[in-house]
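See below for the structure under consideration.
Protein chains: 2
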Amino acid sequence: MAKITLKEIAERLNLSPSTISKALNDSYEISEKTKKKVKEFAQEHNYQPNPLAKYLKLGKTNNIGVLLPSIRTPFAAQLLQYLHQSAIYNSYNIILMQSIDNEKDEERALITLTNQGVDGILIAPVSETSNLQLLSSIHANHCPVVVFDRIHYNLDTHKIGIDNMKSTYMAAEELIKINRKNIMVLCGKNLGVTQYRLEGYQKALKDYSIPIKEENIIHIDYSKSLTTIDESLKEIITGRMCSDDAPNAILGTTETLTTRVLGVLADLKIQVPKEIAVIGFSNIEFANSLNPALSTVHQPTEEMASTALQLLLDLINSKKERSQIDFQTILLETSIQLRKSTALT
Amino acid sequence: MAKITLKEIAERLNLSPSTISKALNDSYEISEKTKKKVKEFAQEHNYQPNPLAKYLKLGKTNNIGVLLPSIRTPFAAQLLQYLHQSAIYNSYNIILMQSIDNEKDEERALITLTNQGVDGILIAPVSETSNLQLLSSIHANHCPVVVFDRIHYNLDTHKIGIDNMKSTYMAAEELIKINRKNIMVLCGKNLGVTQYRLEGYQKALKDYSIPIKEENIIHIDYSKSLTTIDESLKEIITGRMCSDDAPNAILGTTETLTTRVLGVLADLKIQVPKEIAVIGFSNIEFANSLNPALSTVHQPTEEMASTALQLLLDLINSKKERSQIDFQTILLETSIQLRKSTALT
DNA sequence: TTGTAAGCGTTATCAG
DNA sequence: CTGATAACGCTTACAA
Chain A
1 MAKITLKEIA
11 ERLNLSPSTI
21 SKALNDSYEI
31 SEKTKKKVKE
41 FAQEHNYQPN
51 PLAKYLKLGK
61 TNNIGVLLPS
71 IRTPFAAQLL
81 QYLHQSAIYN
91 SYNIILMQSI
101 DNEKDEERAL
111 ITLTNQGVDG
121 ILIAPVSETS
131 NLQLLSSIHA
141 NHCPVVVFDR
151 IHYNLDTHKI
161 GIDNMKSTYM
171 AAEELIKINR
181 KNIMVLCGKN
191 LGVTQYRLEG
201 YQKALKDYSI
211 PIKEENIIHI
221 DYSKSLTTID
231 ESLKEIITGR
241 MCSDDAPNAI
251 LGTTETLTTR
261 VLGVLADLKI
271 QVPKEIAVIG
281 FSNIEFANSL
291 NPALSTVHQP
301 TEEMASTALQ
311 LLLDLINSKK
321 ERSQIDFQTI
331 LLETSIQLRK
341 STALT
Chain B
1001 MAKITLKEIA
1011 ERLNLSPSTI
1021 SKALNDSYEI
1031 SEKTKKKVKE
1041 FAQEHNYQPN
1051 PLAKYLKLGK
1061 TNNIGVLLPS
1071 IRTPFAAQLL
1081 QYLHQSAIYN
1091 SYNIILMQSI
1101 DNEKDEERAL
1111 ITLTNQGVDG
1121 ILIAPVSETS
1131 NLQLLSSIHA
1141 NHCPVVVFDR
1151 IHYNLDTHKI
1161 GIDNMKSTYM
1171 AAEELIKINR
1181 KNIMVLCGKN
1191 LGVTQYRLEG
1201 YQKALKDYSI
1211 PIKEENIIHI
1221 DYSKSLTTID
1231 ESLKEIITGR
1241 MCSDDAPNAI
1251 LGTTETLTTR
1261 VLGVLADLKI
1271 QVPKEIAVIG
1281 FSNIEFANSL
1291 NPALSTVHQP
1301 TEEMASTALQ
1311 LLLDLINSKK
1321 ERSQIDFQTI
1331 LLETSIQLRK
1341 STALT
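If you're matching them up, the sequences are chains A and B in order.
Residues in the first sequence are numbered from 1 upward in steps of one, following my numbering.
Residues in the second sequence are numbered from 1001 upward in steps of one, following my numbering.
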C-alpha cells in the first residue's frame, strides 16, 4: 500500500530504523538536526507509516465499532453523524455495522467487529436479551462495550439513553391536556424499549384516571418492509376509526411508526389534528415539512453520541480491571416539540 | 485484545505455529486428524486470530473507506445502508467518513483513511475540483478510488452516478405537462452536480420555447445550518411570490432543498400544488407523509451502491497496472414518482 | 505430514 | 545522541 518504508528511509539516509522511528515520533533522544533531515526526507518521499505494523506493535487499532439496528432512520443518521464527529475529534475511526433489528445479523456483526479488531464497541442491541452471552464475553475478554439508546439490556457496563417511560408519559400528557383522551399507542414488536415506553403511556392514563383499552395498544411487526408496515397501519386504523369508540389521538413510540402514520392518515383522508391528533418519537429534521407539521418527542442525539463515545474511550483508556469499575447508566432528558399535529384551534 | 494466540495453541498442543496456522486455514498439507484436534482446541479456547498480524502479513486490511458529503440526508443513509450490505456480503468492512461538503474536512478524511489503511476508497467529492491532486496521488500510489454520486470530477477512474441533466430535464417536463411553466429552480451553491442539473432545466425550457428568467434560478448556500437554509428560502420565496410574475412551480435539485421548501411553503401558507407545484430530487422514504405527498426524482440507491462497490472490488483485485485499465462511467436511470405535489385536478 | 525460519513494518529496550 | 536487537502474531517457502 504505502510506497516507502521506514527501513528504506534508514538505508537511504545511512541511519538505523530505530533512529528514523524516533525522529519521526519527535523523541527527545534525537538531535534537532537529524530530526529535520529525516522529516524532510520523509515528506519528500511521501512516507506513510504502515498503520497495521504500528497497531500490531502497539496492540490497538484506533477503530471503534458502532452497531446500530438500522442506519436508515433520521434518528440513526443523526446519531451516527455526531458519533463520527466525536470519534474523529478523538482520533478514532468508526467501523459501521447494522443489525437490521435481527439477532442473527447482530451476532454476525459482532463477530466481524472482533475479528476485524476494534478497540471498543458501541451498541444499540436488538432486544433485551439478544446475544447477551456473546457480548458479555467480548466485554470481558476482548474490548470494552458501551450500550446506548436501547439501554434495557442486562450487560454490566456503561449505558446511555433516555428515560423512556418519562418521555412517553410526557407525550401522553400533552394529548390529555388538549382533551384527547382516547389515545391509540403504536409500538414496535419485540423492541427492547417498547415495554418501557408503553408503561409511560399506561401510567399517564392511570394518573389521569383514563381507562386503558387493550384495543388501543397496537403492536406492529418491525422486521417487515416499510410497505408492510404501512399496510398494517392502514388496516388497523381503518378498523379502529370505524368502531364505536374511535380514538382521537395517536402516540407513536418509534420514529418510523410516528412518521409513517401521517402518510397513512393522509391516504385515508383522516384529518390531523382535527379528527385525530398525533405526537410521537422522532428526530426527523423535516418535521415542518410533514403533513401536518409533527409534534415530536425529541432525543438529544448530539449529547447522547458524544457522551457514549466518551464513556467508551474512558473504558478503553482505563487501567483498571473491568470488575473494579462501577458502571453508570445515564439518562438524558428528552424534549417535547409541539407543532401543528397536536394544535387544536 | 484477543486472548490466546496461535503460538500458545502450538505450545499447548506440542505442534509448531505453522502447523496450527495451516490447520486453521484448512490447508491440504495437514491431516484431517490434526486439523480436527487443532480446530476443536481453538474453538474451546475461543481463539480469535489477530487481524492486524494477519493483514500486516497479507498486505491488506479488508476495510474500504467511504467518504460522503454528509450522512444525514435520507439519500445518503440509504446509500450507506446498501453499501454496507454489499461490503459485508463481500467480507469487507466500511470505515465511514464525511466531508460536510467542505474541502478541508474532505482532505482530512482522506488522509485519515490512508493513514488508517484501507484497501480502497469510495468517494462522493465535495466539488468538481476538490482535493484532486491528493486523490490522484492516492489512486496512483496507495489504493484504488471509485467516484460515485458526484461524478463530475476529473479523476481517471470508474465513476457511477446518474444522468443529472436528463433527470432534471424530465422533472421540468412533468411541470410543463401540467402547464406550470413559470418554474423556480432551487440549486445548491458550489455543488459539483448543480451545473448539470441546472442545464437540464434550461434545456427543457428551451425545448418547450419557454423563456428562461434569471430570477427563477436560485442558489442557496449549503454549508450553512438548516435554519439558515429555511430562512433563505423563506425570504426568496416571499419575494418572488409578491412579484409580478410569481412562479407557479418549484423544481428542487437537491434532496434537502426539495424537502425543506415544503415546510417553508406551509409556513407561508402557500398552497401546494394549487398555488405552486413542487417536484425535485429526493429519496425520502416518508414522501407520503409530507405536506403534501411529494413528487420526486428518485435515484436507484441500491444499484448505485452495489455497483460502486463492485467496481471498487474489481480494482482492488485487479492484477493489471492502473494505467492498463479502461475506466468507465456508468449512468443509472432515475425515475419520476408523481404524487400530490404536482397533481392538479 | 509436520517443522524451521524468515519476514511483514513498526516500536521499545537497552547498550554503546 | 544513535544503533542493535527483539518483539508484536501471523503466513509461507522450504526443509525434514
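Beta carbons: idealized from backbone N, C-alpha and C, even for Gly.
Bear in mind the structure is a predicted one, so any value in this text is a computation, not a measurement.
- B:Leu1079 is positioned such that its CB atom lies no closer than 9 Å to that of B:Ile1094.
- Counting only residues of its own chain and dropping the five nearest sequence neighbours on each side, B:Ile1212 has a CB closer than 8 Å to the CB of Gln1202, Leu1205, Lys1206.
- Scanning its chain for C-beta atoms nearer than 7 Å, with the 5 sequence neighbours on each side dropped, one finds around A:Asp156 the residues Phe327, in chain order.
- Per DSSP, B:Cys1143 is not a residue of any beta strand (DSSP E), being assigned neither H nor E.
- Sequence-distant partners of A:Lys39 (beyond 5 residues in either direction) whose C-beta falls short of 8 Å from its own C-beta, in its chain, are Ala23, Leu24.
- In this chain, the alpha helix (DSSP H) harbouring B:Ser1086 covers 1074 to 1089.
- Under DSSP, A:Val185 forms a beta bridge with A:Ile217, A:Leu251.
- The C-beta separation of A:Thr259 from B:Phe1286 comes to about 5 Å, placing the pair in contact by the 8 Å criterion.
- Under the Cβ criterion of 9 Å, A:Phe286 is counted among the residues facing chain B.
- Taken atom to atom, the span from the alpha-carbon of A:Lys35 to that of A:Ala109 is near 43 Å.
- Around the Cβ of A:Asp244, a 10 Å sphere holds fewer than 16 other Cβ atoms; the residue is exposed.
- Distance from the CA of A:Ile88 to the CA of A:Arg150, rounded to the nearest whole angstrom, comes to 24 Å.
- Counting only residues of its own chain and dropping the five nearest sequence neighbours on each side, B:Gln1098 has a CB closer than 8 Å to the CB of Leu1067, Leu1068, Pro1069, Ser1070, Ile1071, Asp1105, Ala1109.
- Using a Cβ distance threshold of 9 Å, B:Pro1074 and A:Pro292 do not count as a contacting pair.
- Across the structure, B:Leu1096 and B:Gly1065 are spaced so that their CA atoms are roughly 6 Å apart.
- Interface residue (Cβ-Cβ distance to chain B less than 9 Å): A:Thr114 is classified as such.
- Considering only beta carbons, no part of the segment 1177 to 1191 of chain B lies closer than 9 Å to chain A.
- Note: B:His1298 is bridge-paired with B:Ser1335 in the DSSP secondary-structure output.
- Pairwise C-beta distances place the segment 1264 to 1279 of chain B out of contact with the segment 294 to 308 of chain A, as fewer than three of them are shorter than 8 Å.
- Taking C-beta atoms as the reference points, B:Leu1262 and B:Ile1183 fail to come closer than 9 Å.
- Closer than 9 Å to the CB of B:His1142 there is at least one CB belonging to chain A.
- Within chain B, no C-beta atom comes nearer than 8 Å to that of A:Lys274; the closest sits roughly 15 Å away.
- Scanning chain A for C-beta atoms nearer than 9 Å to the C-beta of B:Ala1305 yields nothing, as the closest lies near 12 Å away.
- Around the CB of B:Ser1341, 16 or more other CB atoms lie within 10 Å, so the residue is classed as buried.
- A:Gln81 belongs to the set of residues whose beta carbon lies under 9 Å from a beta carbon in chain B.
- Taking 9 Å as the threshold, the shortest C-beta distance from B:Asn1063 to chain A falls below it.
- For the pair of segments examined, the segment 1217 to 1227 of chain B was found to touch the segment 1178 to 1193 of chain B: the number of CB pairs separated by less than 8 Å reaches three.
- Put simply, the backbone Cα of B:Phe1148 is about 37 Å away from that of A:Lys159.
- Rounded to whole angstroms, the separation of the alpha carbons of B:Glu1107 and A:Asn216 is 53 Å.
- In the three-state reduction of the DSSP assignment, A:Ala305 falls in the helix class, which pools H, G and I.
- In the DSSP assignment, B:Gln1043 falls within the alpha helix (DSSP H) that extends over 1032 to 1044.
- Distance check between B:Asp1163 and each of B:Leu1312, B:Tyr1028, B:Val1297 places B:Val1297 closest, using alpha-carbon atoms only.
- For B:Ile1176, the CB contacts under 6 Å within the same chain, skipping 5 residues up- and downstream, are Tyr1208 in chain order.
- For the 9 Å CB-CB criterion, A:Glu128 and A:Tyr153 form a contact.
- Residues of chain A with a Cβ closer than 7 Å to the Cβ of B:Arg1322 do not exist; the shortest Cβ-Cβ separation is about 14 Å.
- Per DSSP, the continuous beta strand (DSSP E) segment holding B:Ala1277 begins and ends at 1277 to 1281.
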